[in-house]
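Q: Handing you a structure now.
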Amino acid sequence: MILSVPNMTCGHCKAAVENAITEVGGTALVSLEDREVEVNGLPEETVLAALKAAGYEAEVIA
């Protein structure tokens, strides 16, 4: 699934988003330029909760 993460604006944000996903068992491919992350291996609810806990609101776009 692909998510929009509008407040992901820097390298620290990118690392925090990647860590949030990997900590719950998924894989993340982050595009800082597009402010999007492709996530594999997790249900939508788990991904959104992990990102919210890390301080990032996200929306599934694909």
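Residue 51 in this note's numbering sits at position 47 of the sequence shown, with consecutive numbering throughout. Beta carbons: idealized from backbone N, C-alpha and C, even for Gly.
1) Let me know the secondary structure DSSP gives Glu-63 once reduced to three states.
2) At what residues does the alpha helix (DSSP H) containing Ala-53 begin and finish?
3) Write down the C-beta distance between Met-5 and Glu-61 rounded to the nearest angstrom, noting that I regard them as a contact closer than 8 Å.
4) Excluding sequence positions up to five away, which residues of its chain have a Cβ less than 8 Å from the Cβ of Ala-66?
5) Give the range of the beta strand (DSSP E) segment to which Thr-26 is assigned.
6) Do Val-64 and Val-41 have their CB atoms nearer than 7 Å?
A: Looking at the coordinates:
1) strand
2) 48-57
3) Contact flag wrong, Cβ pair sits at about 16 Å.
4) Met-5 and Ile-6
5) Note, Thr-26: premise wrong, no beta strand (DSSP E); alpha helix (DSSP H) at 15-27.
6) no
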